[in-house]
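Each residue of the sequence shown is one higher than the one before, starting from 7 at the first, in my numbering. We put the CB at the ideal spot given by N, CA and C, even for glycine. What follows is a set of notes on a single structure, which appears directly below.
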Amino acid sequence: MDREVIIPEEMREIVARAGYAPAVKVGDTIYVVGQVGRTRDLQVIEDPREQFRAMQENLRIVLEAADCTFEDVVEMTSYHVEMSKHMDIFRTAKNEVFPKGTYAWTRIGVSELAHPGLLAEVKCVAVKR
Numbered sequence: 007m008d009r010e011v012i013i014p015e016e017m018r019e020i021v022a023r024a025g026y027a028p029a030v031k032v033g034d035t036i037y038v039v040g041q042v043g044r045t046r047d048l049q050v051i052e053d054p055r056e057q058f059r060a061m062q063e064n065l066r067i068v069l070e071a072a073d074c075t076f077e078d079v080v081e082m083t084s085y086h087v088e089m090s091k092h093m094d095i096f097r098t099a100k101n102e103v104f105p106k107g108t109y110a111w112t113r114i115g116v117s118e119l120a121h122p123g124l125l126a127e128v129k130c131v132a133v134k135r
């Protein structure tokens, strides 16, 4: 089956810097790599609430580039630094964009993420309807 690499215009810098695709589409399935809360110039956002909202926005950008929405997500995995401290804020940001009860969700606590200051990272699988 053919693969299509998904690179939204807004994320060309991360591809140039880090060398990975934000998503890969195989058939009707889209595999979205971990998205984090940083600005377009790749600066980590310090405020947890704003970091989580930016993370969801970055996820939306990738899904949209693959002609999908949050309603197409079937599985999500989130990785958290200090999970218990930030989970309520994270869940609130997630619930602003994800339809409730329509996807499988696994949460994993980790000691650190790719850059200092990142509090969470989300990857997902979507199936285009």
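query = Looking only at DSSP bridge pairs, what is C130 linked to?
reply = V38, M82
- Query: I13 by DSSP, collapsed to three states: which one?
  - Reply: coil
Q.
I believe D73 touches V133 by the beta-carbon criterion, under 8 angstroms. Please report the beta-carbon distance rounded to the nearest angstrom.
A. Incorrect: roughly 12 angstroms between the Cβ atoms, too far for contact.
Item checked: Helix, strand or coil at V103 according to DSSP, with G and I counted as helix -> coil
**Prompt:** If you follow the beta strand (DSSP E) that R113 is part of, which residue opens it and which one closes it?
**Reply:** 110-116
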